[in-house]
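According to the working numbering, numbering within the sequence shown proceeds without interruption in unit steps and concludes at 1273.
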Amino acid sequence: MSDFFASWAHNLNMWLVIGIFGQALFASRFIVQWLYSEKAKRVVVPTIFWWISLAGGLVLTAYAIHKRDLVFTMGQFSGLFIYSRNLWMLHTAKRREVVTD
């Protein structure tokens, strides 16, 4: 086990840090969603969830491209469309609310 951590620490570089940051950012969206839901006492998917998804997805897509991993790249890249579309739908819904008020 110590050999694993020693080799991991030895190979620590900028792209590995970017990958770890992207994964932590992407995973944090679930913590944010859980906290909002706990506060509301019901399941809530706040707008910040989609912004964090987009940001984490962008970082992880860049990392996947750097690693030249086609499967990882396609998986992350396709999610970017979903996160962007959800943000756009939220934006247009809020604009309609303002216009009708």
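Note that the Cβ used here is the ideal one computed from N, Cα and C, for glycine as well. All figures in this text were calculated on a predicted structure; none of them were measured in a lab.
Start-to-end residues for the alpha helix (DSSP H) that takes in residue i
| i | result |
| --- | --- |
| methionine 1186 | 1186-1212 |
| valine 1231 | 1219-1239 |
Beta-carbon spacing of residue i, residue j below 8 Å
| i | j | result |
| --- | --- | --- |
| isoleucine 1224 | leucine 1197 | yes |
| glycine 1194 | glycine 1228 | yes |
| valine 1231 | isoleucine 1190 | yes |
| isoleucine 1254 | threonine 1245 | no |
Contact belief for residue i with residue j at Cβ below 8 Å, rounded distance in angstroms
| i | j | result |
| --- | --- | --- |
| threonine 1233 | leucine 1252 | 7 Å |
| tryptophan 1256 | leucine 1226 | Reading the sequence as shown, one finds serine at residue 1256 and not tryptophan. The Cβ separation is near 6 Å, so the contact holds. |
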